[in-house]
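One structure is given here, and the rest of the page talks about it.
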Amino acid sequence: MKKLSLLFVCFFFLLLTACNNEEPLIEIEVKVSSISGDEYSKVGATKDLIEPKQEDFKVLEYTFNMKHTDAVTNRQIESFEDWRKTLNSIDEIDRYWYGSASSQDNASQNFAEYQYKLVYYAKGLSEEDIKKAFSDAKLTVSWTDNNNEQEEKQYKIADLKEFNND
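Add 2 to the 1-based position in the sequence shown for the working numbering, that's all there is to it.
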């Protein structure tokens, strides 16, 4: 009788695990803030700008994190990568100054991380100008769940932007 009970309990847990269709945890942050003194010291040549000051530059930070269970397979992330082109297409001024990126997206692991940090020349730009520039920018995340169904989510960069006026 104990073996039958143990077998039933094991079957029950197996069934619960198989029916678990948990969505991945996706966290995305796009933040614009003032530039620090250290970051400003790396700005370099500004000869084409009229009296540039530290306040004329901003930092844009993009962070994407995705965590999931083994129920998620075939994870695909189409991350937005045209930061420089988008900033430089706002007006006749080269806005992008410098930046760095990193990512970790190994299919064998249950997480993915993307980060991008850039400094841009913001003088004369409003928050609305930045949001408008990124209005077509998007990030697409797709995966296959344990029911073998394809899931997809799309995020607009402009909707995710957070401005810190410090």
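Backbone N, C-alpha and C fix where the C-beta goes; we use that ideal spot for every residue, glycine too.
Keep in mind the model is a prediction, meaning the values are calculated, not measured.
Between the C-alpha atoms of Trp145 and Asp50 there is a straight-line separation of about 46 Å.
With a 10 Å radius around the Cβ and a threshold of 16 neighbouring Cβ atoms, Asp40 comes out exposed.
A check of alpha carbon separations from Asp161 across Lys155, Val143, Lys133, Glu151 identifies Lys133 as the nearest.
Its Cα nearest to that of Ser35, the residue Leu62 stands out among Leu62, Ile79, Tyr98, Ile159.
Listed in chain order, the beta strand (DSSP E) elements of length 3 or more contained wholly in the stretch 62 to 105 are 75 to 80. When secondary structure is reduced to three states using DSSP, Leu127 falls in the coil class, being assigned neither helix nor strand. Excluding five sequence positions before and after Pro26, the CB atoms of its chain that fall closer than 6 Å to its own CB belong to Met68, His70, Val74, given in chain order.
CA-CA distance, Tyr116 to Ser104, rounds to 6 Å.
Residue state for Ile28 is assigned as strand, using DSSP reduced to three classes.
With respect to Ile30, Tyr157 sits close: the two C-beta atoms are nearer than 8 Å.
If you check the CB distance, Tyr100 and Lys44 come in under 8 Å. Residue nearest to Leu120 within the set Ala47, Asn150, Tyr42 is Tyr42 (criterion: CA-CA distance).
Burial state of Ile37 is buried, judged by a 10 Å Cβ sphere holding 16 or more other Cβ atoms. Per the coordinates, the alpha-carbon of Asp93 lies some 15 Å from the alpha-carbon of Ser137.
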